[in-house]
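Below is one structure, written out as structure tokens, with a few remarks after it.
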Amino acid sequence: QQVIACHNGGSLYISVNYGQNWKSSPSAPTGAWTCVASSASGQYLVGGMSGTGIYTSGNYGTTWVLTPGSSQLWTSVASDSSGQYLAAGVSDGNVYTSSDFGATFVK
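Numbering-wise (the numbering used here), the sequence shown opens with residue 24 and increments by one.
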């Protein structure tokens, strides 16, 4: 089973064996990652980077896309089992949701 973790000021790390071994996601931007979440299968990943935005991946972390207009201080993110529905919190207390795998978020 795939697991994802973040390191503030570093990379995203992915394990494909329940966390026994880890490798950095080479295509993920390096920066102040604050939160990450995964679909049940690990195919759909989402991560928040402080002041930069929300990044999503639909291919197990092979490539990452920045969600336009998402440059806030993200503090938490959660995904449903499919990866289609996301909720993310920002430092000002607002919560944003997405129903399209993170392509867009609304307050």
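Every residue gets a Cβ at the ideal spot worked out from N, C-alpha and C, and that includes glycine.
Burial state of residue i, where buried means 16 or more other Cβ atoms lie within 10 Å
i	result
Val59	buried
Tyr41	exposed
Gln24	exposed
Ser121	buried
Gln95	buried
Gly125	buried
Supposed close pair residue i, residue j - CB separation, criterion 8 Å
i	j	result
Val100	Val129	So it is not a contact: roughly 15 Å between Cβ atoms.
Ile77	Thr90	4 Å
Ser102	Ser61	6 Å
Ser114	Thr98	6 Å
For residue i, three-class secondary structure by DSSP
i	result
Ala111	strand
Leu68	strand
Asn82	coil
Gly76	strand
Asn40	coil
Ala28	strand
Lys46	strand
DSSP beta-bridge partners of residue i
i	result
Ser121	Leu109
Trp56	Met72
Ser94	Ser94 pairs with nothing; no bridge assigned.
Gly33	Gly54
Does the stretch 106-113 come close enough to the stretch 43-54 to have 3 or more Cβ pairs within less than 8 Å? no
Note to self: Within 8 Å, do at least three Cβ pairs link the stretch 26-35 to the stretch 64-83?
What the structure shows: yes
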